[in-house]
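Visitor: Under the UniProt record's numbering, the sequence shown has 348 at position 348, and the numbering climbs by one with no breaks. Below is a structure I'd like to ask you about.
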Amino acid sequence: MVGYTTLKILYFSLLFSIISGSFVRMVKQNHRLGLRSDVSLESSMDNVDLDIRVIETPRQSSLSSLNRFSRRKSPEKRFVFAHVVQGNSQFYQADDWKEDMELAKQSGIDAFAINIGRDITNERQIPLAYDVADQLDFSLFLSFDMSYYGQPGSSKDVIKLIRTFAHRQSQFKYQGKPLVSTFSGEVPGTYLDNNPDYNAAWDALKKNLGFSIYFLPCWTGANPSSVPTIDGLLSWDAWSSYSESPDERNRLALHKFGKQYAAPISPLFFKHLEHGAGGNYVYSSDDFLVIEKYIQLIQSPPAFIELLTWNDYGEAHYLKDPRKNANLPKGVVSAHDYVNGFSHEPLLHMLSYFNLWYKDGSRPKLEKSKLYLWHRPHPKSVTATDDPLSIPKSSNESQDNLYILLMVKSRSNLNKMIINSGSKKYTKHLKEHLSRHEDTIIRITSPFHCGKDQSIQLFDDHDDQEILNFKGLAINSKPEKYNFNYWSGMTTF
1 MVGYTTLKIL YFSLLFSIIS GSFVRMVKQN HRLGLRSDVS LESSMDNVDL DIRVIETPRQ
61 SSLSSLNRFS RRKSPEKRFV FAHVVQGNSQ FYQADDWKED MELAKQSGID AFAINIGRDI
121 TNERQIPLAY DVADQLDFSL FLSFDMSYYG QPGSSKDVIK LIRTFAHRQS QFKYQGKPLV
181 STFSGEVPGT YLDNNPDYNA AWDALKKNLG FSIYFLPCWT GANPSSVPTI DGLLSWDAWS
241 SYSESPDERN RLALHKFGKQ YAAPISPLFF KHLEHGAGGN YVYSSDDFLV IEKYIQLIQS
301 PPAFIELLTW NDYGEAHYLK DPRKNANLPK GVVSAHDYVN GFSHEPLLHM LSYFNLWYKD
361 GSRPKLEKSK LYLWHRPHPK SVTATDDPLS IPKSSNESQD NLYILLMVKS RSNLNKMIIN
421 SGSKKYTKHL KEHLSRHEDT IIRITSPFHC GKDQSIQLFD DHDDQEILNF KGLAINSKPE
481 KYNFNYWSGM TTF
């Protein structure tokens, strides 16, 4: 299964929203989320452009099982999934699956949601993935892409696949039941068996299985009261601004019916394959969106988080960089043009910290201090010199920034940071933000400027000796093709 249908694009467009609100609202939001905002940046050159905030432990909601000041582990086990597009893994060998699953385990991921359509490679790849997972004590579950199962009689194929894998050793189970998920299924063209009463269609399928499943479909926006066949719901709304996020609303609505919520987390969204809005567009994902979403979910934790995605290269929200055997989609433009050389594994490494925080209920202790950097390769207003496609829809919503996340151990000697971007230099003293007693997480936003030099320098507080000089990707003022993907990097110090 390569790429996605226009239907999916229309589906996504319903999810799009834009960050808005006054400065006062922003400060209130930051306080609620556990962010401390620096308004005064006297020590910075051109300091008006810098934004630095300390991420603190968020307050817990009334329905949360955690106490803000408790270091005890969460009494209710929570799980992190990663969405895997089988069609982009259709040429995988056993070693490819093995290395992916080992990396996922190291990153605090409990299971792969194997997204499948009617792909001829399913017969080989799904058993192969389960075989490897059996050996690694890793878990999988099937996620049916309902744009491929919306025809009359499709339920027979779905039942066959569920029965084949539900009792495998590596099948993920929740409350003792094999978990089954979907992508979509609640909009025209994706109804199971083409039955507009999709709740009834799935209810009949479940009764015909002969055993119970834990049904967790991605029916974004569905009212829990109107779909009693579900055990929980997954949302695909990962790119709305954190101030507009529906996650808490969804969690509370499902809680009233004794159902569980699976919240989506994604680093970005960018597709640049075909002419027209359906194949060439961006969702806003700036301003540390992925981190702010995580802080919200730590504050009000659902039972599940699903990372979107492990390997959807066409939409650029992959967390695993493509292997040699990965299958990248091609249209008028190839996904290779905006994926190759744009590593996201540093972002995966960064999110692994938040995976553990969410699952455990307390902040993990750092073994080493870390620096993460991510940014786009060109300003949003450039004109590409050799691109058959136009500039992506909604790309004007992007921000021309460097995003820096510092995770600093307690009692660090770190004092000063210099950000070099093109011909500009920004300096900030960090000592006042660091704690002697606990680790500190600092997020820094800095405007980027065209040029080869995109680097971060850190200095200690004894003799102003340089601790590190970390290089980012050059910012190009005349790119051949549009690329609103993130490059990311990381280092320890």
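For glycine and all other residues, C-beta sits at the position ideal for the given N, C-alpha and C. Note that the coordinates shown come from a computational prediction; the quantities given were computed from them, not determined experimentally.
#1: Nearest to SER421 by alpha carbon, out of TRP374, LYS409, VAL333 and SER381?
#2: Grouping DSSP H, G and I as helix and E and B as strand, with all else coil, what is VAL339?
#3: To the nearest angstrom, how far is the alpha carbon of LEU371 from that of LYS471?
#4: Measuring alpha carbon to alpha carbon, tell me which of SER352, GLN299 and ILE120 ends up nearest ASP110.
#5: Pull up the distance between the alpha-carbon of PRO301 and that of PHE81, whole angstroms please.
#6: So SER394 and TYR283 are in contact, right, with Cβ under 8 Å, and what is the actual spacing, rounded?
#7: Measure the C-alpha to C-alpha separation of THR229 and PHE269 and round it to an integer number of angstroms.
#8: Is DSSP giving LYS77 helix, strand or coil here?
#9: For SER423, count the other beta carbons within 10 Å of its own beta carbon; 16 or more makes it buried, fewer makes it exposed. Which is it?
#10: ILE120: buried (16+ other C-beta within 10 angstroms of its C-beta) or exposed?
#11: Answer yes or no: do ASP134 and ARG163 have a C-beta to C-beta separation smaller than 8 Å?
#12: Straight-line CA distance for PHE132 to TYR92?
#13: Hey, would you say ALA263 sits closer than 8 Å to ASP247, going by beta carbons?
#14: DSSP three-state call for GLY451: helix, strand or coil?
#15: Who are the Cβ neighbours of PHE484 in its own chain at under 7 Å, not counting the five residues just before and after it?
#16: According to the Cβ coordinates, are PHE448 and ASN413 closer than 8 Å?
#17: Short of 7 Å in beta carbon distance, which residues of its chain neighbour HIS272, apart from the five on each side in sequence? Order them along the chain.
#18: Rounded to whole angstroms, what is the Cα-Cα separation between ALA113 and CYS218?
#19: At 3 residues or longer, what runs of the beta strand (DSSP E) sit wholly inside the segment 298-335?
#20: Among the residues of its own chain, which have a CB less than 8 Å from the CB of LYS368, if the five just before and after it don't count?
#21: On the criterion of 16 or more Cβ atoms from any shown chain inside 10 Å, does SER235 qualify as buried, or is it exposed?
#22: So which of ALA253, SER266, LEU289 and ASP231 has the shortest CA-CA distance to GLU244?
#23: Where does HIS344 sit, in a helix, a strand or coil, going by DSSP?
#24: Cutting at 8 Å between CB atoms, please list the residues of its own chain near ASN253, excluding the five before and the five after it.
#25: Counting only runs of 4+ residues fully inside the segment 373-400, write out the alpha helix (DSSP H) ranges in chain order.
#26: Round the Cβ separation of LYS320 and ASP157 to the nearest angstrom and send it over; I've been treating them as touching at under 8 Å.
#27: Between GLN260 and PHE304, which are expected to be in contact by the criterion C-beta below 8 Å, what is the C-beta distance as a whole number of angstroms?
#28: If you draw a straight line from the C-alpha of ASN115 to the C-alpha of LYS207, how long is it?
#29: How many angstroms separate the CA atom of SER139 from the CA atom of LYS416?
#30: Just list the beta strand (DSSP E) runs in the segment 412-477, keeping only unbroken ones of 3 residues or longer that don't cross its boundaries, in chain order.
#31: Please give me, in chain order, every unbroken run of the beta strand (DSSP E) with length at least 3 that falls completely inside the segment 132-173.
#32: For ASP193, which residues from the same chain have a beta carbon less than 7 Å from its beta carbon, with the 5 sequence-adjacent residues on both sides left out?
#33: Going by beta carbon distance, what residues of the same chain come within less than 7 Å of LEU14, once the five residues before and after it are set aside?
#34: Sorted by chain position, which residues of the same chain lie with C-beta nearer than 6 Å to residue 532's C-beta, five sequence neighbours on each side aside?
#35: I need the DSSP call for TYR403, collapsed to helix, strand or coil.
#36: Going straight from the alpha carbon of TRP97 to that of TYR130, what length do you get?
Guide: According to the structure shown:
#1: Looking at the Cα atoms, TRP374 is the closest of the given residues.
#2: In this structure, VAL339 counts as helix in the three-state DSSP scheme.
#3: In a straight line, the C-alpha of LEU371 is about 11 Å away from that of LYS471.
#4: Measuring C-alpha to C-alpha distances from ASP110 to each of SER352, GLN299 and ILE120 identifies SER352 as the nearest.
#5: Their backbone Cα atoms lie some 14 Å apart in a straight line.
#6: Separation of the CB atoms of SER394 and TYR283 is rounded to 7 Å, and the pair is thereby assigned contact status at 8 Å.
#7: As the crow flies, the alpha-carbon of THR229 is around 31 Å from that of PHE269.
#8: LYS77 falls in the coil class under three-state DSSP.
#9: By the Cβ neighbour-count rule, SER423 is exposed, with fewer than 16 other Cβ atoms within 10 Å of its own.
#10: Counting other Cβ atoms within 10 Å of its Cβ, ILE120 stays below 16 and is therefore classed as exposed.
#11: Not a contact, by the Cβ cut-off of 8 Å.
#12: Residue identity differs from the one stated: residue 132 is Val in this sequence, not Phe. When rounded, the distance between both Cα atoms is 12 Å.
#13: Here ALA263 is near ASP247, since their CB atoms are less than 8 Å apart.
#14: Assigned with DSSP and collapsed to three states, GLY451 falls in strand.
#15: Excluding five sequence positions before and after PHE484, the CB atoms of its chain that fall closer than 7 Å to its own CB belong to PHE270, VAL282, ARG376, PRO392, SER395 and SER398, given in chain order.
#16: Against a cut-off of 8 Å, the Cβ pair of ASN413 and PHE448 comes out as no contact.
#17: Within the same chain, Cβ atoms closer than 7 Å to the Cβ of HIS272 are found at ASN280, VAL333, TYR338, LEU389, PRO392 and TYR482, the five residues on either side in sequence being excluded.
#18: The alpha-carbon separation between ALA113 and CYS218 amounts to approximately 12 Å.
#19: For the segment 298-335, whole beta strand (DSSP E) runs of length 3 or above, ordered along the chain, are 304-307.
#20: The residues are LYS409, THR492 and PHE493.
#21: With 16 or more Cβ atoms within 10 Å of its Cβ, SER235 is classed as buried.
#22: The residue among ALA253, SER266, LEU289 and ASP231 with its C-alpha nearest the C-alpha of GLU244 is LEU289.
#23: Reduced to three states, the DSSP call for HIS344 is coil.
#24: Here the sequence assigns Ala to residue 253, which means Asn is not the residue at that position. Excluding residues within five positions, the ones whose Cβ falls inside 8 Å are ASN223 and PRO224.
#25: Within the segment 373-400, no run of alpha helix (DSSP H) at least 4 residues long lies entirely inside it.
#26: Not confirmed; about 28 Å, so no contact.
#27: That belief holds up - the Cβ atoms of GLN260 and PHE304 are roughly 7 Å apart, short of 8 Å.
#28: In this model, ASN115 and LYS207 are separated by some 23 Å (Cα to Cα).
#29: Cα to Cα, SER139 sits roughly 44 Å from LYS416.
#30: List check, beta strand (DSSP E) in window: 414-421, 424-429, 440-447, 454-460 and 466-471.
#31: The qualifying runs are 139-145.
#32: Around ASP193: PRO152, GLY153, SER154, SER155 and ALA201.
#33: Residue placement at LEU14 is flagged as unreliable, the pLDDT there being 44, under the threshold of 50; the coordinate-derived value follows with that caveat. A distance below 7 Å between beta-carbons, with the five flanking residues on each side excluded, links LEU14 to no residue of its chain.
#34: No statement about residue 532 is possible, as the shown extent of the chain runs from 1 to 493 and does not include it.
#35: In the three-state DSSP reduction, TYR403 falls in the strand class (E or B).
#36: Computed Cα separation, rounded: 9 Å.
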